[in-house]
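Numbering (the working numbering), first residue to last: 50 to 255.
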């Protein structure tokens with residue numbers, strides 16, 4: 050059964066955040082809130098976590114995972130980013146955007162697009178997510194909590210606990226999340242290409 054943690058949305062309890070971070074370090078798969086919608090998160094190098102996310106979401110190996118970063122210092126270790134792209138990304142973050150970029154050698158091969166060798170990265174604008182990332186001290190492997198054959202992500206922690214009780218290890222609940230996923234911008238070809246219109250405004254990339 051998944052452990053359930055109720056956390057304050059504006060002042061998350063440090064003990065709770067610490068407990069969840071410890072579980073992630075030990076390989077747990079966690080459902081947690083973000084500035085777009087709920088997501089599944091696990092440690093960057095967790096093969097078991099990757100496999101479980103693929104199973105829960107019914108994903109193939111061409112799906113781009115997202116590396117949730119606390120700041121640009123973390124993001125810059127994971128992807129190759131030139132000055133023009135850096136300025137564009139910095140202007141839009143933190144916020145509900147996922148950026149597809151060429152990955153560095155710091156990213157496990159299992160997370161890369163098999164042909165493009167790219168990965169998704171983002172910096173969230175969410176108090177609880179930022180607290181978790183700060184406590185964890187490293188990026189979080191993440192994927193939107195959108196179940197197969199469903200049009201919208203799950204929005205309530207109790208519902209996630211109820212439906213995924215034996216599929217995830219913990220649920221971090223800070224109240225209702227939105228249903229709109231991140232806007233996805235592909236920079237792997239140099240110029241921005243909008244792959245998905247979501248919660249983030251696309252005007253700056255058009």
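All residues carry an ideal CB built from backbone N, CA and C; glycine is no exception.
Cutoff 6 Å; reference residue i; Cβ partners in own chain excluding five residues on either side
i, result
"residue 57", "none"
"residue 222", "55, 206"
"residue 187", "none"
Same chain, Cβ closer than 7 Å to residue i, neighbours up to 5 away in sequence not counted
i, result
"residue 184", "66, 67, 70"
"residue 110", "163"
"residue 59", "176"
"residue 210", "51, 53, 220"
"residue 159", "96, 99"
Given residue i as reference, the closest of the options once Cα atoms are compared
i, options, result
"residue 129", "186, 168, 190", "168"
"residue 84", "50, 176, 92, 152", "176"
"residue 139", "124, 59, 151", "124"
"residue 119", "220, 210, 109, 179", "179"
"residue 237", "251, 199, 170", "170"
"residue 101", "218, 199, 158", "218"
"residue 254", "103, 135, 64", "135"
"residue 72", "62, 61, 91", "91"
"residue 240", "132, 212, 145", "132"
DSSP state of residue i mapped onto helix, strand, coil
i, result
"residue 51", "coil"
"residue 58", "coil"
"residue 97", "helix"
"residue 74", "helix"
"residue 222", "strand"
"residue 172", "coil"
"residue 65", "helix"
"residue 125", "helix"
"residue 144", "coil"
Beta carbon of residue i nearer than 9 Å to that of residue j
i, j, result
"residue 116", "residue 79", "no"
"residue 189", "residue 93", "yes"
"residue 235", "residue 149", "yes"
"residue 214", "residue 50", "yes"
"residue 231", "residue 193", "yes"
"residue 153", "residue 233", "no"
"residue 227", "residue 200", "no"
Cut-off 8 Å between Cβ atoms - residues of its own chain near residue i, not counting five sequence neighbours on either side
i, result
"residue 127", "116, 118, 152, 153, 155, 156, 168, 170, 188"
"residue 244", "149, 233, 234, 235"
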